[in-house]
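I have placed the structure first, in the form of structure tokens, so that the comments after it can refer back to it.
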Amino acid sequence: MAAQPPVITVDGPSGTGKGTLCLRLAAQLGWHFLDSGVLYRLVGFLALKRGVVLDDAVALVPLAAALPVEFRPLADDLEIRLEHEDVTRAVRTEQIGDAASRVAACPPVREALLARQRAMRRAPGLVADGRDMGTVVFADAPLKIFLTASAETRAERRYKQLKGKGNDVSLTALLEDIRARDERDATRAIAPLVPAPDAEILDTTLLGIAEVTDRVMHLVRERGLA
Ligand code: DC
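Going by our numbering, the final residue of the sequence shown carries number 611, and the count climbs one at a time with no gaps.
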């Protein structure tokens with residue numbers, strides 16, 4: 386069998402800088418980028434729109450299996466179109482993050498999204514952002530990164546990000562949401578948020594994005610991936 390294109394997996398809780406790191410790695414390497422959280426967000430978004438209860442597996446699976454989504458690369462982000470409607474901003478809210486975390490706890494939903502994620506593994510390589518990229522979806526990846534940071538730092542980053550995009554948010558509410566979402570993601574029965582045993586763990590509480598990117602690029606070269 387021909388060797389599979391390489392994958393760099395980047396897992397960790399929200400607000401650790403995964404998304405920015407992945408975009409930078411993908412740009413520097415010229416590789417594809419998978420934002421798996423967006424898939425769960427889209428399932429949550431569609432479920433809310435159609436009045437589907439967030440733990441109703443029977444109703445959720447068809448939504449996940451046939452997500453009518455299209456991604457278009459922008460300069461430093463990804464445009465997301467669902468049924469031809471631009472939902473790039475609409476899926477990034479805290480309400481949709483919470484809905485995503487709830488549908489993500491449903492095993493058949495995860496199963497329904499597996500093939501779509503694995504299909505993104507194309508030459509010359511893939512940078513995959515999520516919670517279970519290194520443990521489940523790309524368990525054979527040659528480089529696995531797990532980012533951590535204190536909950537307070539992550540809430541502050543999220544606060545600045547959302548404020549910057551014109552959202553009205555409260556830092557205290559964000560911190561509570563982040564703690565609740567982490568707890569749910571880390572304790573669910575299937576594909577919980579845990580580092581793969583062979584993951585490189587990087588605490589980004591005191592590190593800027595440039596330094597995190599440099600450290601990971603060093604590992605990329607050390608492993609002969611670029
Ligand atoms: O990375 P994010 O904030 O966009 O992810 C939203 C939610 O989706 C997150 O709280 C948990 C879930 N998720 C998951 O369970 N597995 C993934 N690979 C990615 C996200």
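Note that the Cβ used here is the ideal one computed from N, Cα and C, for glycine as well.
Which first and last residues belong to the alpha helix (DSSP H) in which residue i is found?
i: P447; result: A442 to A450
i: R503; result: P492 to R503
i: T405; result: K403 to L414
i: L604; result: I594 to E607
Helix, strand or coil for residue i per DSSP?
i: V511; result: In the sequence as displayed, the identity of residue 511 is Leu instead of Val. Three-state result, L511: strand.
i: H469; result: coil
i: R333; result: Outside the shown range of the chain, which is 386 to 611, sits residue 333, and nothing can be said about it.
i: V437; result: coil
i: L424; result: helix
i: L610; result: coil
i: T478; result: coil
So the beta strand (DSSP E) residue i belongs to, where does it begin and stop?
i: T520; result: Taken as a continuous stretch (DSSP letters only), T520 belongs to no beta strand (DSSP E), as it is neither H nor E.
i: R457; result: V454 to P458
i: T394; result: V392 to D396
Could you name each continuous beta strand (DSSP E) segment of 3 residues or more that falls completely within the region 549-592, going from the start of the chain to the end?
585-588
For the structure I just gave you, are there three or more beta carbon pairs, one from the region 438-451 and one from the region 529-542, closer than 8 Å?
no
Three CB pairs or more closer than 8 Å across the region 494-506 and the region 583-593
Not touching, per the Cβ criterion.
With three or more C-beta pairs closer than 8 Å as the rule, is the region 459-466 touching the region 407-426?
yes
Does the region 517-524 come close enough to the region 575-582 that 3 or more CB-CB pairs lie under 8 Å?
The region 575-582, when compared against the region 517-524, does touch it at the 8 Å Cβ threshold.
Contact between the region 479-490 and the region 551-565 is defined here as three or more beta-carbon pairs at a separation below 8 Å; is this criterion met?
yes
Are at least three pairs of beta-carbons, each pair with one atom in the region 488-500 and one in the region 399-407, less than 8 Å apart?
Touching, no, given that fewer than three Cβ pairs across the two stretches are closer than 8 Å.
Would you check if there are 3 or more beta carbon pairs closer than 8 Å linking the region 533-549 to the region 452-460?
Counting C-beta pairs with one atom in each stretch, the region 533-549 and the region 452-460 have fewer than three that are closer than 8 Å, which means they do not touch.
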